[in-house]
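Read through the structure below, which is laid out as structure tokens, and then see the notes.
Number of protein chains: 2
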Amino acid sequence: MTKIRLILTDDHPLILNGLRNLLHNSDGMEVLAAYHNGLQLLDGLEKQQPDVLLLDIQMPGYSGQELAGIIAKRHPDVKILVLTNEDSVHVIKSLLQSGAMGYVLKSASEAVILEAIRAVYAGRQFLEAEVRDKIVQHTIHTRQEQGALNASITRREKQVLQLVAANYTSQEIAEKLCISKRTVDNHRIGLLVKLGVKNSAGLVKKAVDLGLIS
Amino acid sequence: MTKIRLILTDDHPLILNGLRNLLHNSDGMEVLAAYHNGLQLLDGLEKQQPDVLLLDIQMPGYSGQELAGIIAKRHPDVKILVLTNEDSVHVIKSLLQSGAMGYVLKSASEAVILEAIRAVYAGRQFLEAEVRDKIVQHTIHTRQEQGALNASITRREKQVLQLVAANYTSQEIAEKLCISKRTVDNHRIGLLVKLGVKNSAGLVKKAVDLGLIS
DNA sequence: AAAAAACTAGGTATTAATACCCGGTTTGTC
DNA sequence: GACAAACCGGGTATTAATACCTAGTTTTTT
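Chains A and B supply the protein sequences, listed in that same order. Position 3 (the first sequence) corresponds to 4 in my numbering; numbering is contiguous. Position 11 (the second sequence) corresponds to 12 in my numbering; numbering is contiguous.
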């Protein structure tokens, strides 16, 4: 039985060592090389292609998305398994679209990592249960909100939102914007409805979560 | 020459292995034990105390701040070296105030990690250059608000704060915490005063800025 | 054991925010 | 010009939050 040939990439020396150690002690795995940045990796891939590439995405220089895209195009036979701490849904989705075959968080057990490598090698997609749930939840929960609502927040509402978060009262906001307090209150209620919260505390929190304010 | 006795704590198997490997191959280091959550660690420390404790703070169960505080108090001779990915200034400051002697990011080279262990063992504080700069910049640019204030926020107030940010009313918070609405209101006012804001919107914003809530 | 701090909760009052109504005006787009 | 959307602002009412007070109980610290 031929071994699975691997290349590792991570800028964390600790992780690289841990991985090297893990794989060295596992049957059917062979580490061809280990790089600690994207440039080295791209160079190295010109000379030698692994079956599976373990890739960390928070490396200096290239972003994970860029790197995955380049590699998937240049070396379509190399299966990319992303191994990282980043668990933001946007990043995960983007990476999978860029050509990654699997996504495992660094907090995963060694067994899961080995399983992921074998799955990806066999041509199957592999997502950790945790990651999969997150993506599902995200697609269910946020499509209506973030997509439609976020966009429908008007200029004026955004201004009011900023000032609410900056700890001004309706009266003060009215003075700053040279409009009536009633108008400000109406904008505030519009914001509450659009963001699906019931008071200013929730409003500010949601706005922060959605990136509407700093 | 006696070896430096170490205990490791991290919920990432990879990192734990990497560390174990690194330290095993380094002179003057001896790993007594390795735990992968806070509860195990606290139990283990009752039986055996290391010279230096390598601590990750993003573990399930206990937060890093809590853990560092408890350990520093219960085992004052144990030098705590925080080894983590978290690079938020608030978290770092809070940990140092809680009794941590050193702070190293996981992206650090192995040489830096070894250096940090030796420094902390010798009773010196050790901050990675990157971390130190960040703190200095932050302290220069912000007033001396949160040093005193942040620390004086009580457990209960923090709970209330979480729920306020989660868009609950005083009445709902009261029910959730099984206390009177009046008590909740008192805690809320206490928070307003301590954080120097005048309403809940500002409260949530400031709490986010200070890293008190997600 | 003593002291300090936190937690609890009630009284009372004022102010701010929320909720839903309405219609007029400006702005942008087709 | 027609149309929709955004903007503006007033009426009215209810509820939530803020502010300041006292004071007993529990927890933590020393």
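Cβ coordinates follow ideal geometry from the N, Cα and C atoms, glycine included.
Around the beta carbon of V161 of chain B, 16 or more other beta carbons lie within 10 angstroms, which makes this residue buried. Contact between A69 of chain B and L56 of chain B holds, since their C-beta atoms are separated by about 7 angstroms, short of 8 angstroms. A direct Cα-to-Cα measurement between G100 of chain A and N18 of chain B gives close to 29 angstroms.
For Y63 of chain B, no beta strand (DSSP E) run applies, since DSSP gives it neither H nor E. Within the stretch 61–79 of chain B, no residue has its Cβ closer than 8 angstroms to any Cβ of chain A. Counting other Cβ atoms within 10 Å of its Cβ, S201 of chain A reaches 16 or more and is therefore classed as buried. Taken through DSSP and simplified to helix, strand or coil, R189 of chain B comes out as helix. Cβ contact annotation for Q49 of chain B (same chain, cutoff 7 angstroms, sequence separation greater than five): L33 and A34, in chain order. In the structure shown, E31 of chain B falls within a strand segment according to DSSP collapsed to helix, strand and coil. In its chain, beyond the 5 residues on either side, Y104, V132 and I136 have a beta carbon closer than 7 angstroms to the beta carbon of I93 of chain B. In the DSSP assignment, I118 of chain B falls within the alpha helix (DSSP H) that extends over E111 to Y122. Annotation: G103 of chain A is outside any alpha helix (DSSP H); the continuous beta strand (DSSP E) that includes it extends over G103 to L106. The contact set of I16 of chain A on chain B, defined by CB atoms closer than 7 angstroms, consists of L15, I16 and G19 in chain order. Chain-order list of chain A residues neighbouring D12 of chain B: S108, by C-beta distance under 9 angstroms. One alpha carbon belongs to L42 of chain B, the other to T10 of chain B, and they sit about 7 angstroms apart. Distance from L204 of chain A to V165 of chain A at the Cβ level is roughly 7 angstroms; contact confirmed, criterion being Cβ atoms closer than 8 angstroms. Residue environment for D44 of chain B: exposed (fewer than 16 other C-beta atoms within 10 angstroms of its C-beta).
Ranked by how close their Cα comes to the Cα of G39 of chain B, the residues B:D52, B:Q59 and B:L20 have B:Q59 in first place.
In the same chain as R157 of chain B, and ignoring 5 residues on each side of it, the C-beta atoms closer than 7 angstroms to its own belong to H188, in chain order.
Of all residues in the stretch 148–175 of chain B, only V165, A166, A167, N168 and T170 place a beta-carbon less than 8 angstroms from a beta-carbon of chain A. Residue contact with chain A for I5 of chain B: absent (no Cβ-Cβ distance below 9 angstroms to any residue of chain A). Beta-bridge partners assigned by DSSP to K159 of chain B: none are found.
Listed along chain B, the residues sitting closer than 9 angstroms to E111 of chain A by beta-carbon distance are P14, L15 and N18. In summary, the residues of the stretch 176–202 of chain B whose CB is separated from some CB of chain A by less than 8 angstroms are V198, K199, N200, S201 and A202, in the order they occur in the chain. I16 of chain B sits close to I16 of chain A, with the two beta carbons spaced by under 9 angstroms. The three-state reading of DSSP puts R75 of chain A in helix, counting H, G and I together. Between K159 of chain A and Y122 of chain A a beta carbon distance of about 49 angstroms is seen, past the 8 angstroms cut, so the two are scored as non-contacting.
Among the CB atoms of chain A, one or more fall inside 9 angstroms of the CB of K206 of chain B.
Residue range I5 to T10 is occupied by the beta strand (DSSP E) that includes R6 of chain B. Straight-line spacing of the CA atoms in S110 of chain A and S110 of chain B works out to 23 angstroms. Cβ-Cβ separation between N168 of chain A and K199 of chain B: approximately 6 angstroms, consistent with a contact (criterion under 8 angstroms). Annotation: the continuous alpha helix (DSSP H) that includes L24 of chain B extends over P14 to H25.
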